[in-house]
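Add 1333 to a position in the sequence shown, counting from 1, and you land on the number used in the numbering used here.
Backbone N, C-alpha and C fix where the C-beta goes; we use that ideal spot for every residue, glycine too.
Data first, discussion second: the structure below is written as structure tokens.
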Amino acid sequence: MNKQYPHIEHHGAVQGVTGSCHQLWLTAQDSLLIDCGLFQGGEGSGKGANANNLALEFALDSVRAMVATHVHIDHIGRIPWLLAAGYKGDIHCTEPSALLMPTVLEDAFLVGVKRDKRLAAKFIDLVAPRLHGHAYKTWVTLIERKDLVCRIRFQRAGHILGSAYVECEVLYPQEQRTRRIVFSGDLGAPHAPMLPAPKPPYKADVVVLESTYGNRLHENRRTRRVRFQKVIEHALQDGGTVIIPAFSIGRTQELLYELEDIITRATGSPRSGGTDGPVGNQNARTPSINPWQKIPIILDAPLATRFTALYRQLKPWWDAEALKRVTRGRRPLGFEQLLTVETHAQHTAMVNRLAQTRQPAIVITGSGMCTAGRVINYLKAMLGDPRHNVVFVGYQARGTPGAQLQQYGPQGGYVDLDGDRYEVKSGIHTLGGYSAHADQAGLVGFVTGMRHWPQEVRLVHGDDEAKATLAGLLEEQAVKAGKTIAVIVPRK
């Protein structure tokens, strides 16, 4: 069957919010791959790939280049399998993403392929020459022939440092025809720490749009620091630990940024360490009895610690507010009360200490959806004790322990961890305003804010209800504006 080009084939993020992977077919022989991410929980591609089967289920002979919107694992985590399948082309991303990506891919290799640091290093050596970081707002030509010209441009997405939505402009000179396709990647929300809010593109013919919060509006993000502080202060009254599951990149740094601000406001002055490195002394003596002057903020996630250091190197891409704090002598990602836990032995000792004593503490640890990592040990040790609390500040995908805790934990239910069932007596809290994703209003505004609206919007990266709700709202907005938009929800 002869298809009209360009057209899009989806290999992930169609049965949930993970595994983002989209193939933009330019001709019958040429395509681009936009993202290549891991699946989490019970999600899959609809074509056989899932969290337990990561082999690529599509041919690579047509793929001329891969484009990464950002470095979250559900967008680039299958790159080891991409290379194993024989891909030898380039990987394009933004300049900050190019700095962050080797660390993400090394971790993906160690976790998903083999725990062999020597092999992981060899893998990174294979990736490095192919990795090309580009400036925002700059057109990059990927293909230039008599019959086909394809160029891309990265625009700020406001999701994590380095995140972008991608404009793909495809020109068919012999047909005198041009098409512009936009891949949203993950869009951020306004007022996110350290990042400017995304602005809609000028125009598009087709938009592949994430829909994570297509059926929800976030709580007021402007007051989220106050709400965050209140939840933590309430949780700490019983002398317990506040466990915050967080992704190593993006969410962890946002939380540290917010906690530094809470401490600064509560104590009346910056409390910065001598360096931007992992420092801290929970026994520091001060004349004030303000509890925020003594509470340890424990970062128990070696990967997150590495990313926090990289974030400090990426200050040129911080927003104006964050840079202003730095000029005032504050260290948003390296303050005095920040303690880091590196080794497994230190981690085990910290879990035992906090579970058995009545010392209040805040622990940020991974993984963000409680699917693996050090957070599991904290949950096993603390869920049965009402002194402790778990605070969720991010989306929990269907089928993950995090989603199970969110749904059943507040009613005193249970959660399954590593094949065992744990009763939940600890407090379970969710702060929706901390999502790094745009909410329904932001997603609609991304489309309706364009000067020239797209003819087609394809909704991915969301649950069925979120997609259906967003589709209906986009269609309503199109009718009101006198526009014609085909909203498509791909199934596979």
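Going along the chain, which residues of its own chain have a beta-carbon closer than 6 Å to the beta-carbon of residue i, five neighbours each way excluded?
i	result
ALA1346	GLY1352, SER1353, VAL1793 and HIS1794
ILE1457	PRO1435 and GLU1439
ASN1548	GLU1798, ALA1799 and THR1802
LEU1589	LEU1666
So what does DSSP say about residue i, is it helix, strand or coil?
i	result
GLU1828	What is shown of the chain runs 1334 to 1825, which leaves residue 1828 out entirely.
TYR1644	helix
ILE1457	helix
SER1496	coil
GLY1778	helix
LEU1542	strand
GLY1377	strand
ALA1617	Bear in mind that a pLDDT of 40 at ALA1617, under 50, signals an unreliable position, so the model cannot answer this.
SER1517	coil
GLY1765	helix
ASP1594	helix
GLN1737	helix
GLY1445	helix
MET1399	strand
GLY1845	Since the first and last residues shown for the chain are 1334 and 1825, residue 1845 lies out of range.
PHE1561	helix
ILE1582	coil
GLU1587	helix
HIS1408	helix
THR1471	coil
TYR1338	coil
ILE1628	coil
ASN1710	helix
HIS1567	helix
THR1704	coil
VAL1826	No answer is possible for residue 1826: it lies beyond the span of the chain, which begins at 1334 and ends at 1825.
GLN1488	strand
LEU1415	helix
GLU1502	strand
ARG1512	strand
THR1351	coil
LYS1450	helix
Starting from residue i, trace the beta strand (DSSP E) both ways and give me its first and last residue.
i	result
HIS1467	1464-1467
GLN1356	1354-1358
ALA1694	1694-1698
PRO1578	1574-1578
LEU1807	No beta strand (DSSP E) contains LEU1807, which is instead part of the alpha helix (DSSP H) from 1797-1814.
THR1673	1671-1673
TYR1747	1747-1750
TYR1420	Counting along the chain, TYR1420 falls outside any beta strand (DSSP E), and DSSP gives it neither H nor E.
VAL1790	1789-1793
ASP1480	Looking at the DSSP string, ASP1480 is not in any beta strand (DSSP E), and its letter there is neither H nor E.
PHE1725	1722-1725
TYR1755	1753-1756
Take the Cβ of residue i as the centre, count every other Cβ of all protein chains shown within 10 Å, and call the residue buried at 16 or more, exposed below.
i	result
TYR1535	exposed
ASN1385	exposed
VAL1812	exposed
HIS1425	buried
PRO1620	Confidence at PRO1620 is low in this model, with a pLDDT of 45, below 50, so the placement of that residue is unreliable and no value is reported for it.
ASP1718	exposed
THR1320	No answer is possible for residue 1320: it lies beyond the span of the chain, which begins at 1334 and ends at 1825.
LEU1750	buried
GLY1583	buried
THR1660	exposed
ASP1772	buried
ASP1609	Because ASP1609 carries a pLDDT of 40, less than 50, the predicted location of this residue cannot be relied on, and no value is offered for it.
PRO1413	buried
TRP1472	exposed
GLU1809	exposed
HIS1677	exposed
What does a CB cutoff of less than 7 Å around residue i pick up in its chain, not counting 5 residues either side in sequence?
i	result
GLN1373	THR1351, ALA1384, ASP1407, MET1702, THR1704, ALA1730 and THR1733
TYR1644	LEU1494, GLN1586 and LEU1666
GLU1428	GLY1466, HIS1467 and ALA1468
ARG1824	VAL1347 and GLY1379
Tell me the residue span of the alpha helix (DSSP H) that contains residue i.
i	result
ASN1364	Sequence check: residue 1364 is Ser here, not Asn. Taken as a continuous stretch (DSSP letters only), SER1364 belongs to no alpha helix (DSSP H), being part of the beta strand (DSSP E) at 1364-1367.
ALA1678	1677-1689
ILE1821	Element bounds for ILE1821: not the alpha helix (DSSP H) but the beta strand (DSSP E), 1819-1821.
Less than 8 Å between C-beta atoms, sequence neighbours within five positions excluded: which residues of the same chain meet that for residue i?
i	result
ALA1490	THR1402, HIS1403, SER1496, ALA1497, TYR1498, SER1517, GLY1518, ASP1519, LEU1520, GLY1521 and PRO1531
SER1605	Its pLDDT being 43, under 50, SER1605 is placed unreliably by the model, and the measurement read from it follows with that caveat. If we look at SER1605 and ignore the five residues flanking it on each side, its Cβ neighbours are GLY1662, ARG1663, ARG1664, GLY1667, PHE1668 and GLU1669.
ARG1646	Here residue 1646 is Gln; the residue named in the question, Arg, does not match the sequence. Taken in chain order, the residues that qualify are LEU1432.
GLY1735	PRO1578, GLY1701, MET1702, CYS1703, THR1704, PHE1725 and GLN1729
HIS1762	VAL1564, ALA1568, ASN1722, VAL1723, VAL1724 and PHE1725
Could you tell me whether any Cβ in chain B is nearer than 7 Å to the Cβ of residue i?
i	result
ASN1623	Judged by its chain identifiers, the structure shown contains no chain B, having just a single protein chain.
Give a yes or no on contact between the region 1352-1367 and the region 1388-1400, applying the rule of three or more CB pairs nearer than 8 Å.
Between the region 1352-1367 and the region 1388-1400 there are three or more inter-stretch CB-CB distances shorter than 8 Å, so the stretches are counted as touching.
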